[in-house]
Amino acid sequence: MNRSDVDNLISATGLLLGALLLAASGALFWTHSFIHGQVHNQLAAEKIYFPTAGSAGMTALHQPDLDQVARYAGQQLLTGAQAEVFADHFIAVHLRTIGGGKTYSELSAAAIADPANAKLAGQVQTVFRGETLRGLLLNAYAFDTMAVVARYAAWGALIAGLELIVLALIGFRHAKEAAKRR
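Numbering (the numbering used here), first residue to last: 27 to 208.
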């Protein structure tokens with residue numbers, strides 16, 4: 027096998043890999059768009075808004091949580107990043123206050139042990155509902171994070187695919203020149 031044949035074989039392989047990377051890039055861009063769009067649409071349908079600055083919901087927050095929530099004050103919750111902030115820095119703080127620092131399972135066990143305690147039963151229901159919403163919002167955050175990763179991977183595949191195609195074309199040109207020198 028002469029140099030020209032080796033160059034053609036390597037260039038053809040590079041061209042094929044470049045085309046595969048471009049196809050993967052397209053699929054990853056679509057994946058990002060689909061997941062991000064689904065997260066946005068589902069969150070928008072819930073019509074959840076961050077409390078406005080100075081509102082009662084904000085005054086219960088300590089400074090680190092307040093700083094996070096204040097970034098989105100008054101805005102509708104539409105993104106995964108917003109969902110994470112609302113879940114971990116707003117809902118979780120209020121649930122700790124409602125439950126007196128106890129988790130849902132701790133409150134539930136106490137309610138089972140004291141079934142006549144209506145106030146405790148109400149806390150259990152409120153904390154259960156809050157933890158459910160919190161979990162759903164954190165799932166939205168996780169999926170939106172996957173969408174962001176897919177977008178970065180799409181850009182990487184696009185750039186790598188284009189570079190491989192350029193290198194393959196250079197390789198084909200070199201193979202042609204090598205064949206002329208024989």
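C-beta: ideal position from N, C-alpha, C; glycine also.
Enclosing alpha helix (DSSP H) for residue i [first to last residue]
i: R97; result: Unbroken run through R97: none, as it is neither H nor E.
i: S37; result: 29-72
i: K128; result: Unbroken run through K128: none, as it is neither H nor E.
i: A152; result: Correcting the residue identity first, residue 152 is Thr in this sequence and not Ala. That run of the alpha helix (DSSP H) goes 144-207.
i: F116; result: F116 -> no alpha helix (DSSP H), and no H or E assigned at all.
i: A86; result: A86 -> no alpha helix (DSSP H), and no H or E assigned at all.
Beta-carbon contacts of residue i that lie in its chain and below 7 angstroms, excluding the five residues immediately before and after
i: H200; result: D33
i: T123; result: A86
i: L104; result: H66, L69, A70
i: A144; result: none
Proximity test, residue i beta-carbon vs the ligand SAH heavy atom, cut-off 7 angstroms
i: R29; result: The ligand content of the structure shown is nil, which means the ligand SAH is not present either.
Assumed close pair residue i, residue j - CB separation to whole angstroms, cut-off 8 angstroms
i: A107; j: T78; result: Not confirmed; about 19 angstroms, so no contact.
i: S51; j: G148; result: With a Cβ gap of about 53 angstroms, S51 and G148 do not count as contacting.
i: S75; j: Q94; result: Correcting the residue type first, residue 75 is Tyr in the shown sequence and not Ser. Contact doesn't hold; Cβ gap of about 16 angstroms is too wide.
i: I185; j: G44; result: Not a contact, Cβ separation roughly 11 angstroms.
Contact set for residue i: own chain, Cβ-Cβ below 6 angstroms, skip 5 residues either direction
i: L133; result: G125, Q149, V150, V153
i: S7; result: No information on residue 7 is available, as it lies outside the stretch 27 to 208 that the chain covers here.
i: Y130; result: V153, F154, E157
Own chain partners of residue i with C-beta closer than 8 angstroms, once the 5 adjacent residues on each side are dropped
i: N67; result: none
i: A166; result: V65, Q68, L69, G106, A109
Are the region 136-145 and the region 107-116 in contact at 8 angstroms, needing three or more beta carbon pairs? no
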